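Residue numbers (our numbering): 2 to 67.
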């Protein structure tokens, strides 16, 4: 029984990680200016007032604080 519980928890964790990875990749792909090689992009992408960026940053901070 304990083994099944551990497998279930591991499966849920892997699903959560893959879901979060897909969300991050989708977010990055929706901001193509981040993928260019301009040296100024690195400086400006973290100063954006884009609500999607702020929401993702807040989500990552909440997940990191758990």
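C-beta: ideal position from N, C-alpha, C; glycine also. A quick note: this is a predicted structure, and the numbers were derived from the prediction, not measured.
So, with DSSP's three-state summary, where would you put residue i?
i	result
residue 19	helix
residue 31	coil
Whole angstroms are fine: how far does the CA of residue j sit from the CA of residue i?
i	j	result
residue 64	residue 27	18 Å
residue 42	residue 29	Caution applies to residue 42, whose pLDDT of 48 falls short of 50 and renders its modelled position unreliable; the model cannot decide the point.
residue 31	residue 58	15 Å
residue 51	residue 14	29 Å
residue 56	residue 4	37 Å
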